[in-house]
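Novice: Quick one: structure below, then a few questions.
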Amino acid sequence: MYDIQKIREDFPILSRKVYNKPLIYLDNGATTQKPRCVVESITDEYYSVNANVHRGVHFLSQQATNLHEASRETVRKFINARSTSEIVFTRGTTESINLVAATFVDSQMKEGDEVIVSVMEHHSNIVSWQLQAARKGIVLKVIPMNDRGELLLDEYEKLFSPRTKIVSVAHVSNVLGTINPAKKLVEIAHAHNVPILIDGAQSIPHMKVDVQDLDADFFVFSGHKVYGPTGVGVLYGKEEWLDKLPPYQGGGEMIQNVSFEKTTFNVLPFKFEAGTPDYIGTTALAKALDYVSAIGMDNISAYEHELTVYAMQRLKEIPGMRIFGEAEQKGGVISFLVGNIHHFDMGTLLDRLGIAVRTGHHCAEPLMHRLGIEGTVRASFGLYNTKEEVDALVAGIERVATMFG
Ligand code: PMP
1 MYDIQKIRED FPILSRKVYN KPLIYLDNGA TTQKPRCVVE SITDEYYSVN
51 ANVHRGVHFL SQQATNLHEA SRETVRKFIN ARSTSEIVFT RGTTESINLV
101 AATFVDSQMK EGDEVIVSVM EHHSNIVSWQ LQAARKGIVL KVIPMNDRGE
151 LLLDEYEKLF SPRTKIVSVA HVSNVLGTIN PAKKLVEIAH AHNVPILIDG
201 AQSIPHMKVD VQDLDADFFV FSGHKVYGPT GVGVLYGKEE WLDKLPPYQG
251 GGEMIQNVSF EKTTFNVLPF KFEAGTPDYI GTTALAKALD YVSAIGMDNI
301 SAYEHELTVY AMQRLKEIPG MRIFGEAEQK GGVISFLVGN IHHFDMGTLL
351 DRLGIAVRTG HHCAEPLMHR LGIEGTVRAS FGLYNTKEEV DALVAGIERV
401 ATMFG
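Counted from 1, the sequence shown has number 221 at position 221 by my numbering; the numbering is strictly sequential.
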C-alpha cells in the first residue's frame, strides 16, 4: 500500500508554510526534498564518524571508508550494475557527462568524427560535447522529435555514419516529460557499433533502472534529484569502456604510484575519483536509495503515473491551456503556458499562493527554439505530491488567468 500521509511525514519541509500558505512543492525536476533519514545520515556521520577515506589506518578512517564503499555497493545494486568497479562517484549528472565527453573525445575521436544527441537535451548534455567538439573539430548531430515530443527513430537511424563515435541522450526529458525508448535507442546505437550514454537525471527518481537490461554503455544521474544530497552523483560505465578511457582529473586517490618520470593510475573506479570524495554525501545518497527502494520503485512509478494522468486531465480543462509534451510515454513533468500570460508572471503569482513551480527555458534552449517559445511554466512531481496539490495548482492557475482577464 502506498501510504502517502506517512511518506509526507518523512519530509519535514513539506509541512512548512510560505507566505503563510501551505507549501506545494512542484519543482522536483530541479531538485527533490529530503526525507529525515537522509538529513540525519549527514549529521550523524559528521558527529560520530568523520575522517578522510581510503588512506587512514585509524578506526574512524576505516569506518568512513566502509560506509563510503558500502554506498557504492548500494548504488550498484540499485541500478543492477555487474560490479562496483563500474560505479564512479561524481558531483552529479553534469560532472558525469563532462567526464565522459572529455575523456571519450580525447581518446576515441578525431577531427570530423560525430556525436549524436537529441533536440530535447539539457544543456549539460549539449555544452559538454560542444566544448570538446570545438577543441577537436567534432560534429554534433541532432535527433529531431515530433510535435508530441517524441524522438523520431527513423531520423535517428539516418544520422549514423562511419564517423559516428558516440550517442548521448536523455532517458526522460526535463521539459516535456517524454520517456524516451532508451532500450531501443541503445539497440540502434549498438547495431551501428556505437556506444551510448543515457542521461538518467530525470528517470532515476521515477522508475526502476536496470543498467544490464538497458545495456547502455554509460548511465549518469544526480543524487539530489532522487531525494539524496546535493554535490554527489554517479557515472555508471561498462568496465570495458571505463578501462579504455584515460583519467579525467589528476590528484590523490586516482594514482597507483607517482614519480617525476612516470605515474601509474589506480584501478577502477578510483582512476576517475581524484581527491577527497564527498563521502558524507555518498552515505546519504545510499540512504536515499534505500528509502525509495523500501517504498518500491514500481510503486512510485505507478503512483506518479496516476498523478500525472490526473494532472494532465485537470490542466486541460483550463481555457487557453497549452501543454508542451504529450508523448505516449510521459513521466511527471508538465510544461505549459496559458493564453498570453508570460511564464515568469504565472510562476511568480503561483509562488504567492505557496505553489513552487519552475519557469524559463529549463536549461534546454534548443528545445525552446524547436517549440518556438521562450520558456514555459513547469510543474514536476515527486513521490510525495498529491491530487489535492494538483487541484490547488489548477485553482491557482485559474486565479492567475482571471487576474489577467
Ligand atoms: N540532465 C537532465 C535531463 C536534467 O534534468 C538535469 C538537471 N535539471 C541535468 C542533466 C543536470 O543535473 P545536475 O545539475 O544535477 O548536474
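All C-beta atoms, glycine included, are put in the ideal place defined by N, C-alpha and C.
It should be emphasised that the depicted structure is a prediction, and the values quoted were computed from it without experimental measurement.
Kindly say whether Pro-144, judged by its beta-carbon, lies nearer than 8 Å to any beta-carbon of chain D.
Specialist: Among the chains of the structure shown, chain D does not appear; only one protein chain is present.
Novice: Report yes if the CB atom of Ala-170 is closer than 8 Å to the CB atom of Asn-125, and no otherwise.
Specialist: The answer is yes: Cβ separation under 8 Å.
Novice: For Pro-246, count the other beta carbons within 10 Å of its own beta carbon; 16 or more makes it buried, fewer makes it exposed. Which is it?
Specialist: When all chains shown are included, Pro-246 counts as exposed.
Novice: Looking at the structure shown, is Glu-261 part of a helix, part of a strand, or coil, going by DSSP?
Specialist: Note: Glu-261 maps to coil in three-state DSSP.
Novice: Please state the DSSP three-state secondary structure of Gly-347.
Specialist: Of the three classes helix, strand and coil, the one that applies to Gly-347 here is helix, per DSSP.
Novice: Roughly how many whole angstroms lie between the Cα atoms of Glu-121 and Phe-59?
Specialist: If I take the Cα positions, the gap works out to 45 Å.
Novice: Since Gly-231 and Phe-218 are thought to touch, with beta carbons under 8 Å apart, how far apart are those beta carbons, to the nearest angstrom?
Specialist: In fact, because the Cβ distance is near 21 Å, the residues do not count as touching under 8 Å.
Novice: In its own chain, which residues sit with a C-beta less than 7 Å from the C-beta of Gly-281, not counting the 5 before and 5 after it?
Specialist: The residues are Gly-223, Pro-229, Gly-231, Val-232.
Novice: Note down, one range per segment and in chain order, each beta strand (DSSP E) of at least 3 residues found wholly within the segment 190 to 247.
Specialist: Entirely contained in the segment 190 to 247, the beta strand (DSSP E) runs reaching 3 residues are, in chain order, 196 to 199, 218 to 222, 233 to 237.
Novice: Whether or not the segment 289 to 303 and the segment 343 to 359 are in contact is what I'm after, with contact meaning three or more pairs of Cβ atoms, one per stretch, closer than 8 Å; do they touch?
Specialist: Contact between the segment 343 to 359 and the segment 289 to 303 is absent, because fewer than three Cβ pairs lie under 8 Å.
Novice: Express the C-alpha separation of Glu-389 and Phe-432 in angstroms, rounding to a whole number.
Specialist: The question about residue 432 has no answer, for the chain in this structure spans 1 to 405.
Novice: In whole angstroms, what is the alpha-carbon distance linking Thr-90 and Arg-399?
Specialist: Roughly 43 Å separates the two Cα atoms.
Novice: If the criterion is Cβ atoms closer than 8 Å, does the pair Tyr-2 and Asn-299 meet it?
Specialist: The answer is yes: Cβ separation under 8 Å.
Novice: Please state whether the Cβ-Cβ distance between Glu-86 and Glu-239 is less than 8 Å.
Specialist: In contact: Glu-86 and Glu-239 (Cβ atoms closer than 8 Å).
Novice: For Asp-27, write down the residues that DSSP places opposite it in a beta bridge.
Specialist: Partner(s): Ser-380.
Novice: Check whether the segment 171 to 191 and the segment 361 to 369 touch, using three or more Cβ-Cβ pairs below 8 Å as the test.
Specialist: They touch, by the three-pair rule.
Novice: Count the other C-beta atoms from every protein chain shown that fall within 10 angstroms of the C-beta of Lys-34, then say buried if there are 16 or more, exposed otherwise.
Specialist: With 16 or more other Cβ atoms within 10 Å, it is buried.
Novice: Helix or strand or just coil, what does DSSP make of Gly-93?
Specialist: Note on residue identity: the sequence assigns Thr, not Gly, to residue 93. Reduced to three states, the DSSP call for Thr-93 is helix.
Novice: Between Lys-225 and ligand 1, is there a pair consisting of the residue's CB and a ligand heavy atom that are separated by less than 7 Å?
Specialist: Flag set: Cβ of Lys-225 near ligand 1.
Novice: Could you say which of Met-403, Ala-201, Glu-9 lies nearest to Gly-339 if we only look at CA atoms?
Specialist: Closest option to Gly-339, Cα to Cα, is Met-403.
Novice: Leu-337 to Gln-256, Cα distance in whole Å?
Specialist: Their backbone Cα atoms lie some 55 Å apart in a straight line.
Novice: Express the C-alpha separation of Arg-36 and Asn-52 in angstroms, rounding to a whole number.
Specialist: Distance between the alpha carbons of Asn-52 and Arg-36 is about 25 Å.
Novice: With distance defined between alpha-carbon atoms, name the residue in Val-139, Ser-128, Gly-200, Ala-101 nearest to Gly-112.
Specialist: Minimum Cα distance to Gly-112 is reached at Val-139.
Novice: Roughly how many whole angstroms lie between the Cα atoms of Met-297 and His-206?
Specialist: If you take the alpha carbons of Met-297 and His-206, they lie about 7 Å apart.
Novice: Which residue's Cα is closest to the Cα of Ser-320: Gln-132, Glu-40, Tyr-248, Gly-405?
Specialist: Looking at the sequence provided, one finds Gly at residue 320 rather than Ser. When only C-alpha atoms are compared, the closest one is Gly-405.
Novice: Ends of the alpha helix (DSSP H) at Val-38?
Specialist: From DSSP, the alpha helix (DSSP H) with Val-38 extends over 36 to 48.
Novice: Mind checking whether the beta-carbon of Asp-199 lies closer than 7 Å to any heavy atom of ligand 1?
Specialist: Asp-199: yes, Cβ under 7 Å from ligand 1.
Novice: For Glu-86, which of helix, strand or coil comes out of DSSP?
Specialist: In the structure shown, Glu-86 sits in a helix (DSSP, three-state: H, G or I).
Novice: Counting Cβ pairs closer than 8 Å, one from the segment 298 to 316 and one from the segment 390 to 397, do we hit at least three?
Specialist: They touch, by the three-pair rule.
Novice: Please tell me whether Asn-50 and Ala-30 are closer than 8 Å, where the distance is taken between their beta carbons.
Specialist: Result no, Cβ atoms of Asn-50 and Ala-30 do not sit closer than 8 Å.
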